[in-house]
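Residue numbers (our numbering), protein chains in the order written: chain A, 2 to 337; chain B, 18 to 373.
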């Protein structure tokens, strides 16, 4: 079976490629938007000499480039997505790119598509505080109320579902929580945000839905190869810390970080004030925090990975060890 | 007035936000050839009618104003389509690919008796408006020289998109990256120049080669010198490497000099030494500091009045454009200035082409 990984040069995509090879995929095609990261493909070829590893460069926004990318592929793991930029750019790189890829898959007779979605698509605003957060939580209708990224990922997931219905593609969806590991960006906005020289600690006692990048990649590879058609999985590790605990570990390695804790009630009140001001001032300050976002992202839930475990997944790196590795890498970076 | 937008990329959100803030204008429709992009725009701006064909939108929506926010190679066709349908047109920059295209749009507007304008928004930033007031009152005397700097961060989101994608429309522009930003520089100085204008320019690539021929053909540093027939000279720097990223202009007149910072929204008069000896050199920095402080207080006051939006300048420009449509004000960007900017871009592109 030939498996294609889109976005194989990304933080997660690189590990997904390795996990697929570890799980026995013999023919792997790696998609990059431009050139592969230096030494990456060569490193995989050395580690997995029996495997056939191909590369394909294409911008998913250009349909005509994608025929060659999916030619002869049986299964696609779609990890490419727009992670930054303006809302329209993020949408185009996520949703329009996915539509083009799906069209190419249908035309080429690709059997199965595994989508790397996001935790942000879950409609948690109505979930009771302290409730179990698993795959039974419905996804957002549109996602626009949770910001540009959630909007794009929600539309992307619904698009994939529509291709499953219309074209009979087998689909599997993975919704990773906060993916972390050495080389990842700073703390998730669930933990807090930096502004005006301070770090505003927002998540506080809420459980942080972490997944170490290698664990997440293993889950995606496993689901791509074994999950049943139409299945969806949350991807979170065991032994999750709360946001304040994660921040303590991060601060121990990050010099000169000044933290201002923001209790949940203050965050909710602040978001109401910000939204009212945004409307009154006709958008002079963007409503980046709304009560909907605060209720969705900053309350405490108990995250479950039971469905993934039933599929046979086990996190290979414990959360404590994952955090140690991540913060150690951060410390090395700080030391230059 | 009923307004519609063609092109639902990222700048369309800026237009929509300002249109929604204006009195007497209602954004009612959006159009993009890519239905998914229309859909995402309508998600963000609910209540709009969505279209995949501009001609259909124009036929069905009875629009008064059409905003064209598509890549520039489509501007002539779309602007003329809307003008011939009886709409006034507001275009994103660059106005057209070249002066010939600019003339076609302006002629079409004149034939149809419609207004056309371009998003030269920085001419309507608060320091630019203050400068205009000083020029009107003759406080700078005769203009001698203008020095303008504009930075472009290739590590930003847009820069990364351009650099990573050899098929990006910016690479198809005759002046490539600079063609997409130099309107902002030239639009500010054109009101001070009289033609014909002598042009010298040099452009080069300072960053290392990527290995991609198309991407590497894109210069990232530009310098130019303009000499107007009225004796005013303009030196310009567009840089992708100078830090901090600049957006400034210094206007030197026979009576006074002012320094404008478009990002910080300040205009200060340059202070010269007025007292003798070393003591005299103590004062200018403090006088200048006081002028900056007054500018800062003015900005706080504008913020308190909710007149300090990120795209406040576009809001001012649109207010004036709509006023001109209603016949209660002159064109905020006169056609002659639009044409002169396009002509100067052509000349700069021609000047740098052999070296690019």
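Ideal Cβ placement from N, Cα and C applies to all residues, glycine included.
- For residue 177(A), the uninterrupted beta strand (DSSP E) segment begins and ends at 171 to 177.
- When secondary structure is reduced to three states using DSSP, residue 165(A) falls in the helix class.
- Close CB contacts of residue 199(A) within its chain, under the 8 Å cut and outside five residues either way in sequence, are with 259, 260 and 261 (chain order).
- For residue 143(A), the C-beta contacts it makes with chain B under 9 Å involve 60, in order along the chain.
- The region 151 to 198 of chain B contains, as complete alpha helix (DSSP H) runs of 4+ residues, the segments 174 to 181 (chain order).
- Inter-residue distance for residue 210(B) and residue 217(B) is about 15 Å (C-alpha atoms, whole angstroms).
- Contact of residue 93(A) with chain B by beta-carbon distance below 7 Å involves 54.
- When 9 Å is used as the limit between beta carbons, residue 90(A) is near these residues of chain B: 26, 27, 174, 175 and 178, in chain order.
- Under the DSSP assignment, residue 23(B) falls in the beta strand (DSSP E) whose first and last residues are 19 to 23.
- Setting aside the 5 residues that flank it on each side, residue 159(B) is surrounded in the same chain by 270 and 271, each with a C-beta closer than 7 Å to its C-beta; the list follows chain order.
- Pairwise C-beta distances place the region 294 to 312 of chain B out of contact with the region 253 to 271 of chain B, as fewer than three of them are shorter than 8 Å.
- With a threshold of 16 other beta carbon atoms within 10 Å, residue 270(A) falls short and is exposed.
- Non-local beta-carbon contacts of residue 207(B) in its own chain, meaning distances under 8 Å to residues more than five positions away in sequence, involve 354, 357, 358 and 361 in chain order.
- Less than 8 Å separates the beta-carbon of residue 45(A) from that of residue 18(A).
- DSSP places residue 221(B) within a strand segment (E or B) once states are collapsed to three.
- Residue burial annotation: residue 281(A) is exposed, with fewer than 16 other C-beta atoms found within 10 angstroms of its C-beta.
- DSSP places residue 149(B) in the helix class (H, G or I) of the three-state scheme.
- 34, 37, 38, 51, 53 and 54: these are the residues of the region 32 to 54 of chain B whose beta carbon lies less than 8 Å from some beta carbon of chain A, given in chain order.
- DSSP, reduced to helix, strand and coil, places residue 254(A) within a helical segment of the structure shown.
- Against chain A, the CB of residue 323(B) has a partner CB under 8 Å away; the residue lies at that interface.
- For residue 214(B), no beta strand (DSSP E) segment is defined, and its DSSP state is neither H nor E.
- Around the Cβ of residue 289(B), a 10 Å sphere holds fewer than 16 other Cβ atoms; the residue is exposed.
- Between residue 3(A) and residue 117(A), the CB-CB gap reaches or exceeds 8 Å.
- Collapsing the DSSP output to three states places residue 263(B) in coil.
- Around the CB of residue 34(A), 16 or more other CB atoms lie within 10 Å, so the residue is classed as buried.
- Under the Cβ distance rule, residue 339(B) does not count among the residues neighbouring chain A, no pair being separated by less than 8 Å.
- The DSSP-derived three-state label of residue 286(A) is coil.
- When secondary structure is reduced to three states using DSSP, residue 58(B) falls in the helix class.
- Around the Cβ of residue 57(B), a 10 Å sphere holds 16 or more other Cβ atoms; the residue is buried.
- In the pairwise beta carbon analysis, the region 219 to 232 of chain A is classified as not touching the region 293 to 305 of chain A: fewer than three pairs are separated by under 8 Å.
- A buried status is given to residue 215(A), since no fewer than 16 other beta-carbon atoms sit within 10 Å of its beta-carbon.
- Comparing C-alpha distances from residue 154(A) to each of 140(A), 219(A), 221(A) and 12(A) shows the shortest one belongs to 140(A).
- In chain order, 51, 53 and 54 make up the part of chain B whose C-beta sits under 8 Å from the C-beta of residue 97(A).
- At least one C-beta of chain B is nearer than 8 Å to the C-beta of residue 34(A).
- Residue 104(A) carries a helical assignment under DSSP once its states are collapsed to helix, strand and coil.
- Three or more beta-carbon pairs separated by less than 8 Å are not found between the region 276 to 295 of chain B and the region 93 to 106 of chain B, which leaves the two stretches without contact.
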